[in-house]
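**Student:** Submitted below is the structure of interest, expressed as structure tokens.
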Amino acid sequence: MPSNIDPGEMTVEGREVRFRVNEHIDRVKIAWLKEHTVTVIFRERVRFLPKKVKDDIVRAFEDDKIQDGSFDTATFRRGRVKVESPNVVSYMAKSRAIATWMVTKGHDDITIGQDTYKLEFKPWMSKAQLREQHREEDALTFWVTVVQVPLDSFLYLEAQVARAIGPIIRKHPTEPDRLKPSLVNVKFDIDPASRPNMKDKIWVITPEGDELEVKLASSETPRCRRCRAFFHTDNECRRGA
Numbered sequence: 003m004p005s006n007i008d009p010g011e012m013t014v015e016g017r018e019v020r021f022r023v024n025e026h027i028d029r030v031k032i033a034w035l036k037e038h039t040v041t042v043i044f045r046e047r048v049r050f051l052p053k054k055v056k057d058d059i060v061r062a063f064e065d066d067k068i069q070d071g072s073f074d075t076a077t078f079r080r081g082r083v084k085v086e087s088p089n090v091v092s093y094m095a096k097s098r099a100i101a102t103w104m105v106t107k108g109h110d111d112i113t114i115g116q117d118t119y120k121l122e123f124k125p126w127m128s129k130a131q132l133r134e135q136h137r138e139e140d141a142l143t144f145w146v147t148v149v150q151v152p153l154d155s156f157l158y159l160e161a162q163v164a165r166a167i168g169p170i171i172r173k174h175p176t177e178p179d180r181l182k183p184s185l186v187n188v189k190f191d192i193d194p195a196s197r198p199n200m201k202d203k204i205w206v207i208t209p210e211g212d213e214l215e216v217k218l219a220s221s222e223t224p225r226c227r228r229c230r231a232f233f234h235t236d237n238e239c240r241r242g243a
């Protein structure tokens, strides 16, 4: 990280600053990233593996090149792995040779236990390209998140979502809601053919006559990039005000 590099043209907006970086320097940066960075795409079930397992899978390719004598174990430095989305990581190799080898390889199968997983290797992707990749993946998958689940409705939740929308492929671990940590959100991966059956709410009526509101969100639901909560946009976010 050079300290004397041209930081770009600066404009001040109150307590924030904005830099428009030098085009020539940025082209050099992108050229370096293209030479050293691999976009690893985890296909099918492998997208559900924990981050640590995905890290280990990428490291296995480094180990492969060390074991075949391509690199000296005493001087070899491991690259960095950054998760971009549930099924995409960026691997920044210290050695250009490893990055070139993986991109040329194009794809591979990894066996863990009795399961075989498919991976694809592509050259470095910009943020815009990663967003487009994410949109393409969303078109092939369908998930529903149940937001701020009332305790009284939790027992029936999975069965009701399956009945109202479609077959559930996977239930994710519950997570505290970002706006109301005392309540939880539950995410389900659902058969993509059920996408037209998406609902906005489920109402649960108890024998006592209570009506419990259960809100549902999907990839098409507005979501704030500031607080990561559903049902409002960045401009509408109260936390960002």
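Counting in this note's numbering, the sequence shown runs from 3 upward without gaps. Glycine included, C-beta positions come from ideal geometry on N, C-alpha and C.
(1) How is the alpha helix (DSSP H) around R29 delimited, first residue to last?
(2) Buried or exposed: where does I114 fall if 16 or more other Cβ atoms within 10 Å of its Cβ makes it buried?
(3) Put K124 into one of helix, strand or coil per three-state DSSP.
(4) Compare the beta carbon distance of W145 and I204 with 8 Å and say whether it is the shorter of the two.
(5) Quick one, are the C-beta atoms of N187 and I167 less than 8 Å apart?
(6) In the DSSP assignment, find the unbroken alpha helix (DSSP H) run with I68 in it and report its ends.
(7) What whole-angstrom Cβ distance do R29 and E11 have, given they're in contact under 8 Å?
(8) Taking just the CA atoms, how far does D58 sit from R80?
(9) DSSP has D111 in a bridge; who is on the other side?
(10) Suppose contacts are defined by Cβ-Cβ distances below 8 Å. Is V40 in contact with V105 by that definition?
(11) With a threshold of 16 other CB atoms inside 10 Å of the CB of A101, please say whether the residue is buried or exposed.
**Tutor:** In short, the structure shows the following:
(1) 25-38
(2) exposed
(3) strand
(4) no
(5) no
(6) 53-69
(7) Rounded, the Cβ-Cβ distance is 16 Å, inconsistent with contact.
(8) 12 Å
(9) K120
(10) yes
(11) buried
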